[in-house]
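Participant: Here's a structure for you.
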Amino acid sequence: MIELRKVLIEYEVYPTQPLYQYIKNASTQTTRRHKKPQLQLTKHEKPHLAPAIGATRSVRSIFSSICKSFAQLSASIISNFASLATSIRDHIHDIVFLAIVVIPITCLFVHNYLAPGYPATRGGDTYGHLFKVWKLCTSGYHGWIHEWHAGYPFLRFYPPLSYFLACWFAKLPGLDYIAGFKLVMVSSLIIAAMAMRLALGLLSVTPLVAWLAGLMYSFTVWHLRNIAPEGNMPMAFGYALAPLAVYALAACHQQRPRLSRLLFAGLGIGLLILTHHTSAVFTILSLIPVALVLILTDTLASKNKLRTLARIVLAYVIVALIGLAVAAPWLVPFLE
Numbered sequence: 451m452i453e454l455r456k457v458l459i460e461y462e463v464y465p466t467q468p469l470y471q472y473i474k475n476a477s478t479q480t481t482r483r484h485k486k487p488q489l490q491l492t493k494h495e496k497p498h499l500a501p502a503i504g505a506t507r508s509v510r511s512i513f514s515s516i517c518k519s520f521a522q523l524s525a526s527i528i529s530n531f532a533s534l535a536t537s538i539r540d541h542i543h544d545i546v547f548l549a550i551v552v553i554p555i556t557c558l559f560v561h562n563y564l565a566p567g568y569p570a571t572r573g574g575d576t577y578g579h580l581f582k583v584w585k586l587c588t589s590g591y592h593g594w595i596h597e598w599h600a601g602y603p604f605l606r607f608y609p610p611l612s613y614f615l616a617c618w619f620a621k622l623p624g625l626d627y628i629a630g631f632k633l634v635m636v637s638s639l640i641i642a643a644m645a646m647r648l649a650l651g652l653l654s655v656t657p658l659v660a661w662l663a664g665l666m667y668s669f670t671v672w673h674l675r676n677i678a679p680e681g682n683m684p685m686a687f688g689y690a691l692a693p694l695a696v697y698a699l700a701a702c703h704q705q706r707p708r709l710s711r712l713l714f715a716g717l718g719i720g721l722l723i724l725t726h727h728t729s730a731v732f733t734i735l736s737l738i739p740v741a742l743v744l745i746l747t748d749t750l751a752s753k754n755k756l757r758t759l760a761r762i763v764l765a766y767v768i769v770a771l772i773g774l775a776v777a778a779p780w781l782v783p784f785l786e
């Protein structure tokens, strides 16, 4: 009220503008005059608060980074599970065919072979390979054994993968080295069909035709001869893995080779060498003319010939290096 009276008195003395405008200007000046100024402190004027503010900001940034990393990791895991589910859904027909056709036919065909006791064969290489399985299961992997002839460099000049697989089966409850030997033989029939299915799948063959071809390949006379009359376990298992060389050939000549397929192809070549090096050598040698023809035709059919040739050669190099790296633990001592 006092301020308003002062304004009215001043207006009566100096009536230079309308009353409402004069009162508005006077009240604004009064508010500004009574407003308390805020104290603005700089960083140098409050040194005890600056480190706390910096620490708070750093903690917030670290927490934000952790949250972002966790969110990215969660998204990656969800994406991987989604891709895995998609892959299983795309190959569900393969899983069903394997479960209801390939495995039952194999078990029906070899049920007598799986009877207890030694394999019902007429000799051949059966008992020589059985001895190696027994020795590996009982004494482990050693460089020299005394029970074979006058001494023998144990599994140095003969690939060891099938023997290790037989020993792994033998360690299962209720099984022994004879059962492990038989299970490797029987599993070679199933793996042969699967390997041929994979190889023909990259050659645009329909799944049903690829599986039928795999069954025919699995039960050929040559494969069955290695299992029953001869009993050559490494050769039978190498025969099962041989189609992976065809898979590698097809993977290297795709227009856009996938790294995952090249890695799998190299792994297959390495496992083939570790199983039966003779089968690996003859399989690869038989495919070299086919590979040369494919390299020539793909290069000539491409617009950018040099780039296509470099892509194919690089794919072959990747597969070869991976295969040699997988087989190196046995291959290097073998070549020394």
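To convert, take the position in the sequence shown, counting from 1, and add 450; that gives the working numbering.
The C-beta atom is built at its ideal place from N, Cα and C for all residues, glycine as well.
From a predicted model like this one, the values you see are computed outputs, not experimental measurements.
Starting from the C-beta of residue 693, find all residues in its chain whose C-beta is less than 6 Å away, skip the five residues before and the five after it, and write them out in chain order.
Facilitator: Locating residue 693 in the sequence shown gives position 243, where the first residue counts as 1. Same-chain partners within the cutoff: 645, 646, 649.
Participant: Quick check: what's the CA-CA separation for residue 614 versus residue 587?
Facilitator: Reading the sequence shown from its first residue, position 164 is the one you call residue 614. Reading the sequence shown from its first residue, position 137 is the one you call residue 587. Approximately 8 Å between the Cα atoms of the pair.
Participant: Since I believe residue 737 is in contact with residue 691 (beta carbons under 8 Å), could you give me their beta-carbon distance rounded to a whole number of angstroms?
Facilitator: Start at 1 with the first residue of the sequence shown, and residue 691 comes out as number 241. Start at 1 with the first residue of the sequence shown, and residue 737 comes out as number 287. Contact doesn't hold; Cβ gap of about 14 Å is too wide.
Participant: Consult DSSP for residue 563 and reduce its assignment to one of helix, strand or coil.
Facilitator: Locating residue 563 in the sequence shown gives position 113, where the first residue counts as 1. Here residue 563 sits in coil by DSSP.
Participant: Report yes or no: is there a C-beta of chain B within less than 9 Å of the C-beta of residue 541?
Facilitator: Annotation note: the requested chain B is absent from the structure, which comprises a single protein chain.
Participant: Who are the Cβ neighbours of residue 734 in its own chain at under 7 Å, not counting the five residues just before and after it?
Facilitator: The sequence position of residue 734 within the sequence shown is 284, counting from 1. Same-chain partners within the cutoff: 695.
Participant: To which residues of the same chain is residue 481 closer than 7 Å at the C-beta, ignoring the five residues directly before and after it?
Facilitator: Along the sequence shown, one-based indexing puts residue 481 at 31. Residue placement at residue 481 is poorly supported in this model, since its pLDDT is 48, which falls under 50; the coordinates still yield a value, given next. Around residue 481: no qualifying Cβ.
Participant: Spatial neighbours of residue 582 within its chain, please: CB distance less than 6 Å, with the 5 preceding and 5 following residues excluded, ordered by chain position.
Facilitator: Within the sequence shown, the letter at position 132 stands for residue 582. Here the set comprises 613.
Participant: Using the DSSP secondary-structure output, state which residues sit across from residue 595 in a beta bridge.
Facilitator: In the sequence shown, residue 595 corresponds to position 145, counting from 1. Answer is 602.
Participant: Considering only the alpha carbon of each residue, which of 674, 708, 756 lies closest to residue 765?
Facilitator: Counting from one through the sequence shown, the residue named residue 765 turns up at place 315. Among 674, 708, 756, the Cα nearest to that of residue 765 belongs to 708.
Participant: If you draw a straight line from the alpha carbon of residue 664 to that of residue 585, how long is it in whole angstroms?
Facilitator: Within the sequence shown, numbered from 1, the residue matching residue 664 stands at position 214. Within the sequence shown, numbered from 1, the residue matching residue 585 stands at position 135. Spanning the two alpha carbons is a distance of roughly 34 Å.
Participant: Between which residues of its own chain and residue 756 is the CB-CB distance below 8 Å, once the five residues before and five after are set aside?
Facilitator: As a first step, residue 756 is located in the sequence shown; it is residue number 306 there, counting from the start. Excluding sequence neighbours, residue 756 sits near nothing in its chain.
Participant: Name the two residues that bound the continuous alpha helix (DSSP H) containing residue 775.
Facilitator: On the sequence shown, residue 775 is found 325 positions in, with the first residue counted as 1. Its alpha helix (DSSP H) spans residues 755-785.
Participant: Between residue 580 and residue 631, what straight-line distance do the alpha-carbon atoms span, to the nearest angstrom?
Facilitator: One-based indexing of the sequence shown puts residue 580 at position 130. One-based indexing of the sequence shown puts residue 631 at position 181. Their Cα atoms are separated by approximately 7 Å.
Participant: Rounded to a whole number of angstroms, what is the C-alpha to C-alpha distance between residue 778 and residue 669?
Facilitator: The count along the sequence shown starts at 1 and reaches residue 778 at position 328. The count along the sequence shown starts at 1 and reaches residue 669 at position 219. The straight-line gap from Cα to Cα measures roughly 31 Å.
Participant: Judging by CA-CA distance, which residue of 726, 732, 739, 673 is the nearest neighbour of residue 684?
Facilitator: As a working note, residue 684 is residue 234 in the sequence shown. If we check each option's Cα against that of residue 684, 726 comes out closest.
Participant: Given a cut-off of 9 Å on the beta-carbon distance, is the pair residue 689 and residue 718 in contact?
Facilitator: For the purposes of this step, residue 689 is taken as residue 239 along the sequence shown, with counting starting at 1. For the purposes of this step, residue 718 is taken as residue 268 along the sequence shown, with counting starting at 1. Not a contact, by the Cβ cut-off of 9 Å.
Participant: Go through its chain and collect everything with a Cβ distance to residue 785's Cβ below 6 Å, but skip five positions before and after it.
Facilitator: Counting from one through the sequence shown, the residue named residue 785 turns up at place 335. Contacts found: none.
Participant: Check this for me: beta carbons of residue 762 and residue 703, under 9 Å apart or not?
Facilitator: Within the sequence shown, residue 762 is the residue found at index 312, counting from 1. Within the sequence shown, residue 703 is the residue found at index 253, counting from 1. Cβ distance < 9 Å, so residue 762 and residue 703 count as in contact.
Participant: Can you tell me whether DSSP reads residue 675 as helix, strand or coil?
Facilitator: The residue you call residue 675 lines up with position 225 of the sequence shown. Residue state, collapsed to three classes: helix.
Participant: Could you pull out every residue in the same chain whose Cβ sits closer than 6 Å to the Cβ of residue 700, ignoring the five residues on either side in sequence?
Facilitator: Start at 1 with the first residue of the sequence shown, and residue 700 comes out as number 250. Hits under 6 Å: 652, 653.
Participant: Contact defined as beta carbons within less than 8 Å: I believe residue 627 pairs with residue 616. What is the distance between those atoms, to the nearest angstrom?
Facilitator: Stepping through the sequence shown from its first residue, residue 627 is reached at position 177. Stepping through the sequence shown from its first residue, residue 616 is reached at position 166. So it is a contact: roughly 7 Å between Cβ atoms.
Participant: With a CB to CB cut of under 8 Å and the five nearest residues on each side skipped, what residues in its chain are close to residue 555?
Facilitator: As a working note, residue 555 is residue 105 in the sequence shown. 665.
Participant: State the CB to CB distance for the pair residue 609 and residue 724, rounded to an integer number of angstroms; the pair is presumed to be in contact (CB under 8 Å).
Facilitator: Counting from 1 along the sequence shown, the entry for residue 609 is found at position 159. Counting from 1 along the sequence shown, the entry for residue 724 is found at position 274. Confirmed, about 5 Å.
Participant: Let me check understanding here. Comparing Cα to Cα, which of 522, 548, 511, 780 lies closest to residue 660?
Facilitator: Counted from its first residue, the sequence shown places residue 660 at position 210. Out of 522, 548, 511, 780, 548 has the C-alpha closest to the C-alpha of residue 660.
Participant: Helix, strand or coil, according to DSSP, for residue 585 in the structure here?
Facilitator: Here residue 585 is taken as the residue at index 135 of the sequence shown, counted from 1. It is helical.
Participant: Which same chain residues, not among the five before or five after residue 655, have their C-beta less than 8 Å away from its C-beta?
Facilitator: Within the sequence shown, numbered from 1, the residue matching residue 655 stands at position 205. Excluding sequence neighbours, residue 655 sits near 663.
Participant: Under 9 Å, do residue 640 and residue 552 count as touching if we go by C-beta distance?
Facilitator: Within the sequence shown, residue 640 is the residue found at index 190, counting from 1. Within the sequence shown, residue 552 is the residue found at index 102, counting from 1. Contact: yes.
Participant: For residue 781, which residues of its own chain have a beta-carbon under 6 Å away from its beta-carbon, when the five flanking residues on both sides are left out?
Facilitator: The residue labelled residue 781 in the question sits at position 331 within the sequence shown. None.
Participant: Can you give me the C-alpha to C-alpha distance between residue 635 and residue 739, rounded to a whole angstrom?
Facilitator: The residue you call residue 635 lines up with position 185 of the sequence shown. The residue you call residue 739 lines up with position 289 of the sequence shown. Taking the straight line joining both Cα atoms gives about 31 Å.
Participant: Could you spell out where the alpha helix (DSSP H) holding residue 633 opens and where it closes?
Facilitator: The count along the sequence shown starts at 1 and reaches residue 633 at position 183. Looking at the DSSP string, the run of the alpha helix (DSSP H) that includes residue 633 is 627-651.
Participant: Apart from the five residues on each side of it in sequence, which residues of its chain come closer than 6 Å, Cβ to Cβ, to residue 745?
Facilitator: Residue numbering aside, residue 745 sits at position 295 when the sequence shown is read from its first letter. So the qualifying residues of the chain are 762.
Participant: Given this structure, state the Cα-to-Cα distance separating residue 678 from residue 754, to the nearest angstrom.
Facilitator: To locate residue 678, count along the sequence shown from 1; it is residue 228. To locate residue 754, count along the sequence shown from 1; it is residue 304. If I take the Cα positions, the gap works out to 52 Å.
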